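What follows is the structure, given as structure tokens:
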């Protein structure tokens with residue numbers, strides 16, 4: 058199940074980008090599990106990868122290739138993460154890339170590989186190589202919806218965003234993932250393309266900013282996968298002027314569109330979170346700085362006790378205060394802390410609010426979407442994270458995954 | 058349910074200590090919910106309290122009293138945590154202490170209060186005050202088992218340790234708690250007494266050491282309660298020579314007994330953890346320092362994905378590697394990491410071990426007690442933590458607690 062996950066919108070083609078999704082039989086036959094993106098020459102690209110030290114072979118290889126040259130093709134397989142696979146895994150990733158490079162007539166480094174799926178099993182690179190000709194033959198500008206489905210693993214639905222800017226360019230993106238790490242299905246991927254023209258340094262800077270405000274603000278279970286990656290491509294094929302400064306009017310418009318796209322794609326992952334029955338926004342205000350606001354937000358968002366109360370629809374504010382109190386702010390004055398569920402004030406100055414009635418809290422907690430808001434009374438910094446509850450189904454999905 | 062939780066042993070009386078457990082009707086009638094300890098004059102005491110900033114009124118008061126004078130009485134109620142209760146809560150705690158002080162004919166500061174139970178409800182101090190005469194009348198040297206039962210909340214069984222040293226002194230202790238924080242039942246308490254004579258500074262230093270190796274190495278759900286406290290009392294009534302140095306032979310023997318007692322009491326809390334079906338030891342070896350060993354151990358022990366795999370008995374080593382990889386060691390060389398389940402080597406140099414067979418991992422994971430051991434290949438530091446799995450019952454207990 059999922060929480061208010063929007064259906065895939067009309068996915069506008071992005072000039073200079075074609076894609077295809079085919080069935081390579083990586084793990085199971087008959088399922089589209091190989092996605093290929095083709096990017097026009099002259100495209101700029103930026104990417105951010107998992108910070109997990111056990112990052113997968115394709116992550117290591119994609120990073121290395123990106124340092125060398127601008128990518129022309131993105132090659133994504135599901136069903137196998139090619140992680141924890143050592144030197145053999147790196148060789149398998151290289152085989153896939155070099156087969157694709159040969160078919161495309163480009164250098165090896167122009168291919169970026171992505172894998173998601175079971176950890177620790179050898180990547181059946183021969184199946185991927187065998188399916189490549191069909192993928193190349195199927196490349197089409199209007200296949201974004203196919204690609205959105207093709208990158209899914211145990212997600213319940215495809216996730217996509219597509220918009221047209223006033224400046225004449227299009228931005229279309231897809232994401233997958235249903236936990237920060239899936240059991241063995243390792244995990245979150247997002248691909249965003251635009252036909253705006255954006256210089257590489259600006260693209261890089263804007264992606265960092267947007268990811269910080271979106272993919273780096275979601276959590277289902279606090280785990281970080283070995284394969285997470287977000288990739289942004291700008292083909293420039295729309296013919297609009299090249300954006301060369303973050304702080305220009307065009308740069309700001311692009312940044313806003315990019316952040317909105319990333320936030321929607323990131324929230325879609327939370328809405329489709331494992332066993333999710335609630336979509337929860339945790340906003341911490343009045344912190345001394347953003348780092349402490351974030352620490353408190355994550356203490357709440359990761360607390361199993363808060364998450365089980367959310368599942369139960371129980372306005373158990375003691376658990377919220379306890380999570381705030383253990384978030385690592387050593388000089389927190391609890392008499393400065395106010396706590397709200399949506400519009401309902403639960404606690405004021407660190408104690409239960411005099412006007413608070415359990416029925417008011419229960420009303421908010423019964424909603425599918427809930428805002429938990431705390432004001433720390435220490436300064437002006439604010440941070441927001443998005444998360445889900447912890448349900449029987451979370452345990453079921455993760456306990457039974459391999460059985 | 059619980060995992061190999063030992064029954065309460067013979068609880069040796071501690072010369073100079075008497076206790077009683079009576080029913081005050083704090084939350085429910087007919088349940089022993091008020092425990093009183095009497096300590097002989099001249100006893101030394103040391104205590105450690107929760108670091109949660111939202112610490113409860115009794116915690117604040119007990120700290121203050123301890124700074125003033127040596128305690129003569131410990132007064133513990135269950136059913137109500139007197140946390141999140143503001144100035145009224147502090148007044149209620151003071152009322153209980155001052156009634157006890159009057160009955161005992163001691164100064165107010167000689168009473169240390171402890172509360173555990175529901176957060177955010179007013180403490181019914183009048184019921185506690187009314188039950189005090191019965192508690193004083195019931196004080197007995199051989200009532201430790203009653204006290205062990207009297208401090209429980211939603212624990213499934215009483216937890217105690219008792220030993221006689223070669224030097225002629227006794228050490229007896231009790232604990233309660235079944236999660237690092239119970240839903241509203243806030244949480245872990247331990248009381249340990251000895252009739253050894255120990256100087257106050259030595260008692261303090263040894264308690265810190267022992268707690269660091271025991272109560273500070275357990276986790277059920279990563280939450281820290283508002284009421285946690287560990288209290289150690291030495292009456293000196295056994296007549297053995299006063300221990301005045303940590304590094305003396307007597308000091309070391311006492312320290313070893315204290316650590317063993319604390320470890321057993323702490324492990325008992327994990328064995329009785331909410332919904333626990335496994336008792337799991339996580340040992341990290343070969344770390345550069347203890348801090349990073351501990352960070353990795355907790356990353357594993359807190360990972361919902363590791364914990365659900367433990368519940369399922371699934372040797373899902375990808376989740377273990379992923380947890381190690383995200384533990385915050387930025388320069389971790391994954392090719393130095395070996396991983397074991399008990400005696401079974403799962404991964405070597407960061408990849409699956411060539412001799413590893415899934416059946417071997419599954420055999421270990423089917424056990425009620427499991428050792429997860431990782432060697433980081435970075436140095437000589439080792440740390441150990443104890444935890445449980447994440448089961449349907451954990452969600453059930455915490456989701457349904459107030460319904």
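Residue numbers (my numbering), protein chains in the order written: chain A, 58 to 460; chain B, 58 to 460.
Glycine included, C-beta positions come from ideal geometry on N, C-alpha and C.
Note that the coordinates shown come from a computational prediction; the quantities given were computed from them, not determined experimentally.
- Residue 296 (chain A) is positioned such that its CB atom lies no closer than 9 Å to that of residue 58 (chain A).
- For residue 371 (chain A), there is no enclosing alpha helix (DSSP H), as DSSP marks it with neither H nor E.
- The region 390 to 404 of chain A makes contact with the region 432 to 452 of chain A: 3 or more CB pairs, one atom from each, lie closer than 8 Å.
- The region 414 to 433 of chain A and the region 180 to 189 of chain B do not touch, with fewer than 3 CB-CB distances between them shorter than 8 Å.
- Taking a beta-carbon distance threshold of 9 Å, residue 361 (chain B) counts as an interface residue toward chain A.
- By the C-beta density criterion, residue 225 (chain A) is exposed, having fewer than 16 other C-beta atoms within 10 angstroms.
- As a beta-bridge residue in DSSP terms, residue 432 (chain B) pairs with B:342, B:395.
- Closer than 9 Å at the C-beta level to chain B, one finds these residues of the region 114 to 144 of chain A: 138, 140, 141, 142, 143, 144.
- Collapsing the DSSP output to three states places residue 102 (chain A) in a strand.
- Judged by DSSP in its simplified three-state form, residue 139 (chain B) adopts coil rather than helix or strand.
- The shortest CA-to-CA distance from residue 352 (chain A) to any of A:380, A:326, A:304 is the one to A:380.
- Across the region 97 to 110 of chain A, CB contacts with chain B closer than 9 Å involve 107, 108, 109, 110, in sequence order along the chain.
- According to the DSSP assignment, residue 328 (chain B) belongs to the alpha helix (DSSP H) that extends over 306 to 328.
- The beta-carbon separation of residue 217 (chain A) and residue 277 (chain A), rounded to 20 Å, does not stay under the 8 Å limit for a contact.
- Under the Cβ criterion of 9 Å, residue 233 (chain A) is not counted among the residues facing chain B.
- Using a CB distance cut-off of 9 Å, residue 288 (chain A) does not count as an interface residue toward chain B.
- Within chain A, the residues 452, 456 have their CB atoms less than 8 Å from the CB of residue 368 (chain B), given in chain order.
- By the rule that beta-carbons nearer than 9 Å mark a contact, residue 443 (chain A) does not touch chain B.
- At a cut-off of 9 Å between C-beta atoms, residue 253 (chain B) does not count as an interface residue with respect to chain A.
- Against chain A, the CB of residue 283 (chain B) has a partner CB under 9 Å away; the residue lies at that interface.
- Counted as a single uninterrupted DSSP element, the beta strand (DSSP E) harbouring residue 230 (chain A) occupies residues 227 to 233.
- Scanning its chain for C-beta atoms nearer than 6 Å, with the 5 sequence neighbours on each side dropped, one finds around residue 349 (chain A) the residues 386, in chain order.
- Within the region 178 to 233 of chain A, the runs of alpha helix (DSSP H) that reach at least 4 residues and sit entirely inside it are, in chain order, 182 to 195, 201 to 207.
- Between residue 287 (chain A) and residue 105 (chain A), the C-beta spacing is below 9 Å.
- In the assembly as shown, residue 109 (chain A) is a buried residue. Its beta-carbon has 16 or more other beta-carbons within 10 Å.
- Apart from the 5 residues on each side of it in sequence, residue 135 (chain B) sits with its Cβ closer than 6 Å to the Cβ of 90, 173, 174, 210 in its chain, given in chain order.
- Its chain contains 103, 104, 105, 287, 289, 315 as the residues whose beta carbon lies nearer than 8 Å to that of residue 264 (chain B), once the 5 sequence neighbours on both sides are disregarded; these appear in chain order.
- Residue contact with chain B for residue 350 (chain A): absent (no Cβ-Cβ distance below 9 Å to any residue of chain B).
- Counting C-beta pairs closer than 8 Å gives three or more between the region 186 to 204 of chain B and the region 74 to 88 of chain B, which meets the contact rule.
- Note on geometry: alpha-carbon atoms of residue 156 (chain B) and residue 148 (chain B) lie some 12 Å from one another.
- Neighbours of residue 389 (chain B) in chain A, taken as residues at a C-beta separation under 8 Å, are given in chain order as 110.
- Think of a sphere of 8 Å around the beta carbon of residue 152 (chain A): no beta carbon from chain B falls inside it, the nearest being about 18 Å out.
- The alpha helix (DSSP H) runs lying completely inside the region 110 to 160 of chain A and spanning 4 residues or more are 114 to 125, given in chain order.
- Taking a contact to require three or more Cβ pairs closer than 8 Å, the region 159 to 174 of chain A and the region 109 to 124 of chain A qualify as touching.
- Straight across, the Cα-Cα distance linking residue 373 (chain A) with residue 253 (chain B) is about 44 Å.
- Near chain A, meaning a CB-to-CB distance below 7 Å, no residue of the region 414 to 436 of chain B qualifies.
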